[in-house]
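Residue numbers (our numbering): 128 to 398. Ideal Cβ placement from N, Cα and C applies to all residues, glycine included.
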Ligand SMILES: O=C(O)CCC(=O)C(=O)O
Ligand SMILES: [Fe+2]
């Protein structure tokens, strides 16, 4: 997505801030280490975690930035830049959700209202993928779908993101100053399958460090989103294909590490 109104300067500054954060001494970053997904600021280093035959070749920083804004207090000035950036992605997402609501034949604020978006759960999730000597033996992030309604992603100019379409993987080439918008599980649920949650992954390379910042925007934690009744018509072959689940519970299921969380809420199809 281009012409989104977020300044090139802000995007550059936030990427630089992330680089400076990862450049901090390990001890300082480890102050934020943790496994609890509800910890507001969480740093992790995945380089030595073994998953089947592959290694997760990335470090990450995950921060809960909405409904309450949290942020590491270093490097200096990073929190202010990130605060402005998070607000900008929220504004862009709100506009997109309005357009999507209208496109589905619903009232403009439909998705915002149904998901209690004003109190929506938003993360600032940064991934740093260092060069990997044997990229074919590692993965940055394995195939997954995002839990959100929409995720806005920016990256430095090093490719690595791939999306799956009809069973095949395609490279997403970085377009400067653009957002890559991924549709997430909750848009698929709310639209009763009209929007598909995109399966994606990140691969690594042996030459350059890649940084990506994902901004997943979701419903409020207390809201259970189900298919919009307006988009369900059981008698005409469009039954509800998902069941509502409170977003907080949905996120907790992520801990089970299933590749596709939508399976938890799919309505079983009668034989
Ligand atoms: O690094 C990327 O491009 C993908 C990141 C991602 O999918 C995520 O953080 O959910
Ligand atoms: Fe993702």
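Chain-order list of residues whose beta-carbon lies under 6 Å from that of residue i (same chain, five-residue window excluded)
{"i": "residue 176", "result": "In this predicted model, residue 176 has a pLDDT of only 45, less than 50, meaning its place in the structure is not dependable; the value taken from the coordinates is given anyway. For residue 176, where only same-chain residues beyond five positions count, the Cβ hits under 6 Å are 183."}
{"i": "residue 167", "result": "191 and 197"}
{"i": "residue 178", "result": "Residue placement at residue 178 is poorly supported in this model, since its pLDDT is 45, which falls under 50; the coordinates still yield a value, given next. There are no such residues."}
{"i": "residue 199", "result": "168"}
{"i": "residue 156", "result": "170"}
{"i": "residue 238", "result": "224 and 228"}
{"i": "residue 236", "result": "none"}
{"i": "residue 187", "result": "171 and 254"}
{"i": "residue 314", "result": "276 and 322"}
{"i": "residue 375", "result": "348"}
{"i": "residue 154", "result": "none"}
Proximity test, residue i beta-carbon vs ligand 1 heavy atom, cut-off 7 Å
{"i": "residue 270", "result": "no"}
{"i": "residue 171", "result": "no"}
{"i": "residue 422", "result": "Any question about residue 422 goes unanswered here, given that the chain covers just 128 to 398."}
{"i": "residue 282", "result": "yes"}
{"i": "residue 265", "result": "no"}
{"i": "residue 287", "result": "yes"}
{"i": "residue 363", "result": "no"}
{"i": "residue 397", "result": "no"}
{"i": "residue 252", "result": "yes"}
For residue i, the residue or residues it bridges with in DSSP
{"i": "residue 291", "result": "296"}
{"i": "residue 343", "result": "278"}
{"i": "residue 271", "result": "327"}
{"i": "residue 309", "result": "278"}
{"i": "residue 397", "result": "Residue 397 pairs with nothing; no bridge assigned."}
{"i": "residue 351", "result": "373"}
{"i": "residue 338", "result": "255"}
Other residues of its chain near residue i: CB distance less than 8 Å, five sequence neighbours each side excluded
{"i": "residue 260", "result": "333"}
{"i": "residue 180", "result": "Annotation note: pLDDT 49 at residue 180 (below 50); position unreliable, no value reported."}
{"i": "residue 280", "result": "288, 306, 307, 308, 309, 339, 340, 341 and 342"}
{"i": "residue 312", "result": "272, 273, 274, 275, 324, 377, 388 and 389"}
{"i": "residue 368", "result": "319, 320, 354, 393 and 394"}
Close-in-space but distant-in-sequence residues of the same chain around residue i (CB under 7 Å, 5 per side omitted)
{"i": "residue 380", "result": "388 and 391"}
{"i": "residue 397", "result": "none"}
{"i": "residue 209", "result": "141, 144, 198 and 251"}
{"i": "residue 75", "result": "In the structure as shown, the chain begins at 128 and stops at 398. Residue 75 is therefore absent and cannot be evaluated."}
{"i": "residue 283", "result": "142, 337 and 338"}
{"i": "residue 100", "result": "Residue 100 is absent from the structure shown; the chain starts at 128 and stops at 398."}
{"i": "residue 211", "result": "137"}
{"i": "residue 131", "result": "219 and 306"}
{"i": "residue 189", "result": "169, 250 and 252"}
{"i": "residue 135", "result": "304"}
{"i": "residue 371", "result": "351, 352 and 353"}
{"i": "residue 233", "result": "355 and 357"}
Residue i CB to nearest heavy atom of ligand 2 below 7 Å
{"i": "residue 327", "result": "yes"}
{"i": "residue 312", "result": "no"}
{"i": "residue 342", "result": "no"}
{"i": "residue 273", "result": "yes"}
{"i": "residue 278", "result": "yes"}
So does the region 161-176 actually touch the region 213-231, counting three or more Cβ pairs closer than 8 Å?
no
When the Cβ atoms of the region 351-368 are set against those of the region 279-293, are three or more pairs found closer than 8 Å?
no
Any beta strand (DSSP E) of 3 or more consecutive residues that is wholly inside the region 140-195:
168-172, 181-183 and 186-193
Please confirm if the region 329-345 is in contact with the region 387-398, defined as three or more CB-CB distances below 8 Å between the two stretches.
no
Is the region 141-156 close to the region 310-324, with three or more CB pairs under 8 Å?
no
My parser needs the alpha helix (DSSP H) runs of 4 or more residues fully inside the region 354-391; what are they?
374-380
Segment contact, 8 Å Cβ cut-off, at least three pairs: the region 324-332 with the region 224-238
no
Alpha helix (DSSP H) runs wholly inside the region 229-256, at least 4 long, in chain order:
237-241
Contact between the region 348-362 and the region 295-307: three or more CB pairs below 8 Å?
no
Considering only residues of the region 200-234, which uninterrupted alpha helix (DSSP H) runs meet the minimum length of 4 residues and lie entirely inside it, listed in chain order?
205-230
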